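**Student:** Handing you this structure, nothing more for now.
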């Protein structure tokens, strides 16, 4: 096993998902793993879940994936109005078979070479790994040397250093992954990037050489926006795709 592709936070954006998968296939990825939030916000949740399942991807549960499997749950009732609207709409679009499949996803996957989670390790699995303090709390619970997450929609790498109280956090570039320190790689978002770059985002990891590569993929943003508007979903969900935040 050499080249691995990592995707996350697709959020019902089939146009972005198809473009990213085509790129990962072209790059020769032997396995593609999904770090959750297949659905939510976007207008093609059923198509996205179907494609993930057709590709038989290993996948962890995201918070939006969980929301759509809950009914009259306080966690959903506390969400913002526009997100609750998206959850209800998405539930109605998904087949019962796909809802059951989402409900069976695990919060994390522990593989031989790395771990996978959606948000973070620890008591709050939906924590946003964006800053040094959050990554520090994550490392206190992270059971493996190397892990991958999503959730924040921003591609970052964090490294725990023995001579520093807080971990080093930086934007992902083409780099070698350290072997002796705990590392968490936040792989960004396929379907709704929030790092001021509207292109779809994914990560390729060469496991043999421990090399990490961030990829950005152009896709038909206008087509994705049209689907959102036609579905009657909040305009903000469509508008933000063009600006990447």
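Residue numbers (our numbering): 125 to 369.
No residue lacks a Cβ here, since even glycine has one placed at the ideal position from N, Cα and C.
Remember, predicted model here, so these are calculated numbers, not experimental data.
(1) If contacts are defined as beta-carbon pairs under 8 Å, then residue 319 and residue 242 qualify, I think. What distance do you get, rounded to the angstrom?
(2) Sort out for me which residues DSSP pairs residue 292 with in a bridge.
(3) Using DSSP bridges, identify the partner residues of residue 128.
(4) Report yes if the C-beta distance between residue 267 and residue 246 is below 8 Å; otherwise report no.
(5) So the alpha helix (DSSP H) residue 192 belongs to, where does it begin and stop?
(6) Can you tell me which of 146, 264, 149, 219 puts its alpha carbon nearest to the alpha carbon of residue 306?
(7) Which of helix, strand or coil does DSSP assign to residue 346?
(8) First and last residue of the alpha helix (DSSP H) that includes residue 163?
(9) Three-state secondary structure (DSSP) at residue 351?
(10) So, with DSSP's three-state summary, where would you put residue 276?
(11) Could you check if residue 289 is buried or exposed, using at least 16 other CB atoms within 10 Å of its CB as the buried criterion?
(12) Comparing alpha-carbon positions, which option in 315, 297, 287 lies nearest residue 277?
(13) Does the region 332-341 touch the region 349-363, meaning 3 or more C-beta pairs lie closer than 8 Å?
(14) Residue 220 and residue 273: beta carbons closer than 8 Å?
**Tutor:** The answer reads as follows:
(1) In the chain shown, the residue the question calls residue 319 occupies position 195. In the chain shown, the residue the question calls residue 242 occupies position 118. Their Cβ separation, rounded to whole angstroms, is 18 Å, which puts residue 319 and residue 242 out of contact at 8 Å.
(2) As a first step, residue 292 must be located in the chain shown, where it is residue number 168. Note: residue 292 sits in a beta bridge opposite 283.
(3) As a first step, residue 128 is located in the chain shown; it is residue number 4 there, counting from the start. Residue 128 is bridged to 155, 329.
(4) Within the chain shown, numbered from 1, the residue matching residue 267 stands at position 143. Within the chain shown, numbered from 1, the residue matching residue 246 stands at position 122. Not a contact, by the Cβ cut-off of 8 Å.
(5) Here residue 192 corresponds to residue number 68 of the chain shown, with the count starting at 1. No alpha helix (DSSP H) contains residue 192, which DSSP labels as neither H nor E.
(6) Taking the first residue of the chain shown as 1, we reach residue 306 at position 182. That would be 264, whose Cα lies nearest to the Cα of residue 306.
(7) By one-based count along the chain shown, residue 346 stands at place 222. It is helical.
(8) Taking the chain shown and counting its residues from 1, the one referred to as residue 163 is at position 39. Here residue 163 belongs to no alpha helix (DSSP H), and DSSP marks it neither H nor E.
(9) Residue numbering aside, residue 351 sits at position 227 when the chain shown is read from its first letter. Helix.
(10) In the chain shown, residue 276 corresponds to position 152, counting from 1. Coil.
(11) Within the chain shown, numbered from 1, the residue matching residue 289 stands at position 165. Classification for residue 289: exposed.
(12) Sequence index remark: in the chain shown, residue 277 carries index 153 (1-based). The shortest C-alpha separation from residue 277 is found at 315.
(13) Touching, no, given that fewer than three Cβ pairs across the two stretches are closer than 8 Å.
(14) Position 96 of the chain shown holds residue 220. Position 149 of the chain shown holds residue 273. For residue 220 and residue 273, no; Cβs fall outside 8 Å.
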